[in-house]
Amino acid sequence: MAFAIIGMLALQACSEELYSNLDQRQANEIVATLVRHGIPAQREAGKDGKMTVSVQKDRFAEAMAILDESGLPKQEFQTLGEVFKRDGLVSSPVEERATMIYGLSQELSQTISDIDGVLSARVHLVLPENDPLRQRLVPSSASVFIRHRASVPMNDLVPQVKMLVAKGIAGLTYDNVSVTLIPVAATPPEQETREAGFTTFLGLWMHPDSVAAAMWLFYGMAAAIFALVARLAYVQWYRRPGVYALDAVARPARET
706 MAFAIIGMLA
716 LQACSEELYS
726 NLDQRQANEI
736 VATLVRHGIP
746 AQREAGKDGK
756 MTVSVQKDRF
766 AEAMAILDES
776 GLPKQEFQTL
786 GEVFKRDGLV
796 SSPVEERATM
806 IYGLSQELSQ
816 TISDIDGVLS
826 ARVHLVLPEN
836 DPLRQRLVPS
846 SASVFIRHRA
856 SVPMNDLVPQ
866 VKMLVAKGIA
876 GLTYDNVSVT
886 LIPVAATPPE
896 QETREAGFTT
906 FLGLWMHPDS
916 VAAAMWLFYG
926 MAAAIFALVA
936 RLAYVQWYRR
946 PGVYALDAVA
956 RPARET
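Offset between the sequence shown (1-based) and this note's numbering: plus 705.
The following block contains the structure:
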């Protein structure tokens with residue numbers, strides 16, 4: 706058991722941090738995505754309950770590319786309640802309006818991001834403050850940016866997205882909502898990685914490429930510990946107290 710712990714600590718020393726300050730759901734999504742692509746990842750909880758995800762140093766770049774294509778970790782959005790959280794300062798009407806537009810944009814972006822297949826989404830709102838004395842009013846408009854998996858037919862959902870945004874903003878019409886779709890082709894795992902899977906060594910799950918390094922670490926530490934124990938045993942034996950017995954021939958004869 707001690708050897709397994711030592712081996713695990715040694716392997717962790719060869720890892721590099723991917724993301725930190727994650728909640729449990731974000732960490733689970735990242736680890737699950739990396740494992741599906743054959744990259745072993747570790748989660749570690751901090752004192753504040755936040756999670757940190759790490760991978761081996763030699764697979765750091767590959768892991769970052771996969772997470773970027775998968776849209777992970779997902780962007781966190783603010784609600785209207787969080788946006789309008791009072792800090793004791795009095796806001797001007799212009800600041801109140803800008804805050805309202807930002808809060809609406811955040812909530813719409815989060816709603817669209819929850820659609821299956823969407824990796825990331827942003828909603829940009831243009832809500833001009835029209836002068837009632839002006840003869841021609843400037844209409845409100847919105848542009849939606851969606852980054853999605855190429856395997857998902859997102860074109861079929863464009864009318865629903867436009868309707869969602871138009872109904873969520875007062876004075877915004879369906880025709881003034883534009884949607885830009887950016888498909889992202891997923892990088893398939895390498896054939897060797899899919900076929901190899903994972904294996905265990907000393908009760909630890911790891912990628913087959915890591916087994917050789919783990920064996921070298923384990924047997925090297927085992928040999929060092931064995932040499933240390935043998936050295937201590939020899940010193941203990943060498944310093945043991947001697948026991949001397951009197952020779953029976955040298956003893957004086959007993960007179961009768």
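Ideal Cβ placement from N, Cα and C applies to all residues, glycine included.
Local Cβ density within 10 Å of residue i, reported as buried at 16 or more and exposed below that
{"i": "LEU933", "result": "exposed"}
{"i": "THR885", "result": "exposed"}
{"i": "ARG764", "result": "buried"}
{"i": "LEU937", "result": "exposed"}
{"i": "VAL965", "result": "This structure cannot speak to residue 965, because the chain is shown only from 706 to 961."}
{"i": "ILE930", "result": "exposed"}
{"i": "LYS790", "result": "exposed"}
{"i": "ALA709", "result": "Low local confidence applies: a pLDDT of 48 at ALA709 is under 50, so the model's placement there is unreliable, with the coordinate-based value given in what follows. The residue in question, ALA709, is exposed, as its Cβ has fewer than 16 Cβ neighbours within 10 Å."}
{"i": "SER797", "result": "exposed"}
{"i": "TYR943", "result": "exposed"}
Residue range of the unbroken alpha helix (DSSP H) whose run includes residue i
{"i": "LEU877", "result": "LEU877 -> no alpha helix (DSSP H), and no H or E assigned at all."}
{"i": "ILE887", "result": "Careful: ILE887 lies outside any alpha helix (DSSP H), inside the beta strand (DSSP E) at 882-889."}
Spatially closest choice to residue i from the options, by CA coordinates
{"i": "ILE851", "options": "SER845, SER883, ILE874, TYR879", "result": "SER883"}
{"i": "GLU767", "options": "GLY754, VAL740, ASP880, PHE782", "result": "VAL740"}
{"i": "ILE806", "options": "VAL831, THR816, ASP819", "result": "VAL831"}
{"i": "MET859", "options": "LEU824, GLN840, LEU877, LYS872", "result": "LEU824"}
Contact under 7 Å by Cβ, residue i with residue j
{"i": "THR757", "j": "GLU800", "result": "no"}
{"i": "GLN729", "j": "PRO778", "result": "no"}
{"i": "VAL828", "j": "SER846", "result": "no"}
{"i": "ALA803", "j": "SER814", "result": "no"}
{"i": "VAL843", "j": "PRO833", "result": "yes"}
{"i": "ALA917", "j": "PRO888", "result": "no"}
Host beta strand (DSSP E) of residue i (start-end)
{"i": "ALA826", "result": "823-831"}
{"i": "GLU774", "result": "Taken as a continuous stretch (DSSP letters only), GLU774 belongs to no beta strand (DSSP E), being part of the alpha helix (DSSP H) at 765-775."}
- Message: Contact between the stretch 754-772 and the stretch 730-745 is defined here as three or more beta-carbon pairs at a separation below 8 Å; is this criterion met?
- Response: yes
- Are there three or more Cβ pairs, one per stretch, closer than 8 Å when the stretch 731-741 is compared with the stretch 768-782? yes
- Message: So, does the stretch 858-877 touch the stretch 780-789, judging by three or more C-beta pairs under 8 Å?
- Response: no
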